[in-house]
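In UniProt numbering, the protein residues as written are 1 to 139.
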Amino acid sequence: KWKFKILFFFQPERIDPSASRQGYDVRSDVWSLGITLYELATGRFPYPRWNSVFDQLTQVVRGDPPQLSNSEERRFSPKFISFVNVCLTKDESKRPKYKELLRDPFIQMYEERSVDVAGYVCRILDQMPASPSSPTYMD
1 KWKFKILFFF QPERIDPSAS RQGYDVRSDV WSLGITLYEL ATGRFPYPRW
51 NSVFDQLTQV VRGDPPQLSN SEERRFSPKF ISFVNVCLTK DESKRPKYKE
101 LLRDPFIQMY EERSVDVAGY VCRILDQMPA SPSSPTYMD
């Protein structure tokens with residue numbers, strides 16, 4: 001039996017189609033990437049808890065977009081902060097598409113480096129104790 005919690009997030013242009021003249025496109029996926037990176041980097045969902053789905057939709061459409069920043073607990077490189085925040089540009093027309101993201105300095109930096117993501121993830125997972133609240137814990 002798997003135990004996990006799913007938090008849904010929506011792109012502003014998919015909630016309020018009138019804000020987007022031509023419907024949505026790959027930039028909605030860029031928003032999702034930004035939300036995912038934010039959550040992975042901070043360990044928390046970027047929005048407060050809502051009392052209802054209507055509160056959630058209103059926050060995403062009318063509120064400021066989440067923005068990654070440094071704190072006393074977490075330090076990120078300026079390039080990473082910029083990359084995540086550009087993905088979370090609320091105005092879809094100003095949010096980059098995939099080709100533009102590939103030219104971002106954060107991505108370019110890793111185009112020139114050898115990166116072992118699988119090895120990194122394995123090292124992190126090896127350091128984590130198994131717990132009953134872990135999504136990988138099976139009864």
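Where is the CB? At the ideal position from N, CA and C, for every residue including glycine.
request  = Count the other C-beta atoms from every protein chain shown that fall within 10 angstroms of the C-beta of Pro129, then say buried if there are 16 or more, exposed otherwise.
outcome  = exposed
query = Around the C-beta of Val30, are 16 or more other C-beta atoms found within 10 angstroms, so that it is buried, or is it exposed?
reply = buried
task = Determine the closest residue to Glu112 out of Asp104, Cys87 and Gly119, with distance taken between C-alpha atoms.
result = Asp104
ask   = Mapping DSSP to helix, strand and coil, what is Gly34?
value = helix
key: the segment 90–105 in contact with the segment 36–44 per 3-pair CB rule at 8 angstroms   = No, the segment 90–105 does not touch the segment 36–44.
request  = With a 10 Å radius around its C-beta and 16 neighbouring C-beta atoms as the bar for buried, classify Gln108 as buried or exposed.
outcome  = exposed
key: Cβ separation of Leu101 and Val84, assumed to be a contact under 8 angstroms, to the nearest whole Å   = At roughly 11 angstroms, the Cβ-Cβ gap does not stay under 8 angstroms, so Leu101 and Val84 are not in contact.
query = For Pro46, which option in Arg95, Thr36 and Asn70 has the closest C-alpha, if you only look at C-alpha atoms?
reply = Thr36
task = Could you name the residues of the same chain whose beta carbon sits closer than 8 angstroms to that of Gln59, not counting the 5 residues immediately before and after it, in chain order?
result = Tyr47, Pro48 and Trp50
key: For Cys87 and Arg95, the rounded distance between their alpha carbons   = 6 angstroms
Which listed residue (Phe80, Lys97, Ser114 and Asp126) has its alpha carbon closest to that of Asn70 = Phe80
request  = Starting from Asp116, trace the alpha helix (DSSP H) both ways and give me its first and last residue.
outcome  = No alpha helix (DSSP H) holds Asp116; DSSP gives it neither H nor E.
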